[in-house]
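Down below is the structure, laid out as C-alpha cells.
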Amino acid sequence: MKQKLLALAIALSTSSVWAGGITTGLGLSDGNGAGFYAGASMGKQTGDVADTCDANEWDCYAWKLYGGYKFNQTFGVEGNYYHLLDEEVEAQGKTPSSSHKTTGYSVAATASMPVMEKAEVFGKLGMFSTETEVQSNSVTTTTDDKGALFGVGAGYKFTNNLGIRGEYEHFKGDNTSNGLLTGGVTFSTF
76 MKQKLLALAI
86 ALSTSSVWAG
96 GITTGLGLSD
106 GNGAGFYAGA
116 SMGKQTGDVA
126 DTCDANEWDC
136 YAWKLYGGYK
146 FNQTFGVEGN
156 YYHLLDEEVE
166 AQGKTPSSSH
176 KTTGYSVAAT
186 ASMPVMEKAE
196 VFGKLGMFST
206 ETEVQSNSVT
216 TTTDDKGALF
226 GVGAGYKFTN
236 NLGIRGEYEH
246 FKGDNTSNGL
256 LTGGVTFSTF
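Shown next as C-alpha cells:
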C-alpha cells in the first residue's frame, strides 16, 4: 500500500514538469485559479473507529485518493475514494479468524481562501457513503453507512502544479461518527 502511494506521489511530481504549458493549451486551466486537481493522502482515524481500533490493538491507518475542479479561486467541487480500514484478526483459542475492511466515497462542495502567495485554507461540505465488510469463518457480513461530511484544511504549493495539503474530515452517518486526519501531495493544473 505504501509503495503504491509513493509511486503515485512520484508520478504526480514528475508530471508537473510538463503540465503547466500543456494544461493551459488544452483549456484545463484558465490561469485565474480555475482548473483540475488530484492527489493522495494518508492519515489516522478518530472517533468511533479509532475506539474500535484501540480496543482491538489495530493500527487503523487510512488513505485516500481525491480529485476535483475549482471554478475560480474560491469555489469548487471534490470527490474522494477512501480506504479506511483493512485489518486481519488472527484466531486465538476458540475465536475464529476474521477480516474487517471499510471503503467509501464522498462528493463535496469546496470553498478556499488564500492566506499567503502559495498557501490557502479551505473547507468542504458534502455527502459520503461507506461499506464495511466483515468476514469470519467464510461468512461475510456487509454494513453500509451514509451521511454528511464536513472538512477543513490547508494547502501549500511548491510549484505551479505540485503542493501538499493537510486536512481534517468529519463523517456523521446513520451508524457512526468518525474523523479522519490526513496529509498528502496534490497535483493541480492551475
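Sequential numbering of the sequence shown, starting at 76, is according to this note's numbering. Note that the Cβ used here is the ideal one computed from N, Cα and C, for glycine as well.
In the displayed model, residue 134 falls within coil according to three-state DSSP, outside both helix and strand. For the pair of segments examined, the stretch 133-149 was found not to touch the stretch 206-214: the number of CB pairs separated by less than 8 Å stays below three.
Residue pairing by DSSP puts residue 256 in a beta bridge opposite 119 and 243. Put simply, of 109, 115, 108 and 150 the residue whose alpha carbon is nearest the alpha carbon of residue 242 is 115. A straight-line Cα-Cα distance of about 38 Å links residue 216 and residue 230.
Contact between residue 113 and residue 265 does not hold, since their C-beta atoms are separated by about 12 Å, which reaches or exceeds 8 Å.
Three or more beta-carbon pairs separated by less than 8 Å are not found between the stretch 129-138 and the stretch 184-195, which leaves the two stretches without contact. Taking the C-beta atoms as reference points, residue 132 is found no nearer than 8 Å to residue 199. Judged by beta-carbon spacing, residue 226 lies beyond the 8 Å limit of residue 203, meaning their Cβ atoms are not closer than that value. Closest by C-alpha distance to residue 160, out of 260, 253, 109 and 108, is 253.
Nearest to residue 175 by alpha-carbon distance, out of 119, 127, 236 and 109, is 127. Following the DSSP letters along the chain, one finds residue 154 inside the beta strand (DSSP E) bounded by residues 150-164. Selection 163, 219, 235 and 213 evaluated against residue 194 yields 235 as nearest (Cα-Cα). Under the 10 Å beta carbon count, residue 124 is surrounded by 16 or more other beta carbons and is classified as buried.
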